[in-house]
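Residue numbers (this note's numbering), protein chains in the order written: chain A, 666 to 807; chain B, 666 to 807.
Note that the Cβ used here is the ideal one computed from N, Cα and C, for glycine as well.
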């Protein structure tokens, strides 16, 4: 099965969070560039380098097939014709859970190649909880 | 006084860590792109967006003029002619302190513009301490 081609970094990012929400490992890995230098850092976790390490941790994280609610907010996007940096806030909770999840800042970087836009970096870490009434409008300049 | 022009992302990164080691705020800010979308996340701190917020936090952090020992290791570098992503481990301690500092993973992103290479993102967060005997050789592909 050939992998999908993402025609923008926004498409690739939508696929990334959709794959996470559905515990869809194949779709998750379709987002990542086939490059030895890809890097993934989950909140509180070690730095993972290369597709094999990254796939194995996602496999473990997705093994129970959880459905997740994912709220993405306050995107700051920059880049150029070949690269995009998305800085976003994530709140990720088990679907239908009422517990408020911690606030995570994620840096997602995408490069444009022959096979479309692919992720090369995901760096996520907890940040102090923002004022829930703070400006939630996305800030996008591209 | 005109700002220096950094002719590679490696030059910009060297200036970044030298400025941090010496508590040199002007040099630190010379590394950052003059762009509304620059983002800085210090370990455990909030996401800062824009030069004014970023400068103010560095000013506070550097106010006591501390001299720091900074050890950078295990760089993974990727990018293209216009952009570079550096993933590094940092250990930062007060100069001549004997205490082992926590291990920090930093994602540093540089863009090339008319004024040379400038930083647009610094995302730093604690990671589990690596095996001190693990491979310390830099991995650089560019």
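CB contact check: residue i to chain B, cutoff 8 Å
i	result
residue 702 of chain A	yes
residue 774 of chain A	yes
residue 693 of chain A	no
residue 727 of chain A	no
residue 714 of chain A	yes
Cβ-heavy atom distance, residue i to the ligand ATP, below 7 Å
i	result
residue 685 of chain A	The ligand ATP is not among the ligands present in this structure, which contains no ligands whatsoever.
Nearest to residue i (by Cα), restricted to the options the options
i	options	result
residue 739 of chain A	A:675, A:751, A:668 and A:728	A:751
residue 706 of chain B	A:772, A:782, A:679 and A:778	A:772
residue 794 of chain A	A:755, A:680 and A:781	A:755
residue 716 of chain B	B:779, B:700, B:776 and B:687	B:700
residue 744 of chain A	A:675, A:670 and A:671	A:675
residue 777 of chain A	A:749, A:709, A:762 and A:788	A:749
residue 790 of chain B	B:708, B:712, B:677 and B:774	B:708
Distance between beta carbons of residue j and residue i, contact taken as under 8 Å
i	j	result
residue 698 of chain B	residue 753 of chain B	About 19 Å; that fails the 8 Å criterion.
residue 759 of chain B	residue 733 of chain B	6 Å
residue 680 of chain A	residue 692 of chain A	6 Å
residue 747 of chain A	residue 747 of chain B	7 Å
Within-8 Å CB hit, residue i to chain A
i	result
residue 745 of chain B	yes
residue 767 of chain B	no
residue 751 of chain B	no
residue 711 of chain B	yes
residue 785 of chain B	yes
residue 792 of chain B	yes
residue 770 of chain B	yes
residue 741 of chain B	yes
residue 706 of chain B	yes
Three-way DSSP call (helix, strand, coil) for residue i in this model
i	result
residue 792 of chain B	coil
residue 749 of chain A	strand
residue 777 of chain B	strand
residue 760 of chain A	coil
residue 771 of chain A	strand
residue 683 of chain B	helix
residue 734 of chain B	strand
residue 702 of chain A	coil
residue 740 of chain A	strand
residue 765 of chain A	coil
Nonlocal neighbours in the same chain, by C-beta distance under 8 Å from residue i, ignoring five residues either side
i	result
residue 690 of chain A	684, 720, 723, 724 and 727
residue 703 of chain A	697, 714, 715, 716, 719, 784, 785 and 786
residue 766 of chain B	756, 757 and 758
Neighbourhood of residue i by C-beta distance below 7 Å, restricted to the same chain and skipping five residues each side
i	result
residue 894 of chain A	Outside the shown range of chain A (666 to 807) lies residue 894 of chain A, about which nothing can therefore be said.
residue 735 of chain A	682, 685, 686, 755 and 757
Residues near residue i in its chain [Cβ-Cβ closer than 6 Å; skip 5 each side]
i	result
residue 730 of chain A	688
residue 788 of chain A	706 and 772
residue 775 of chain B	674, 677, 749, 782 and 784
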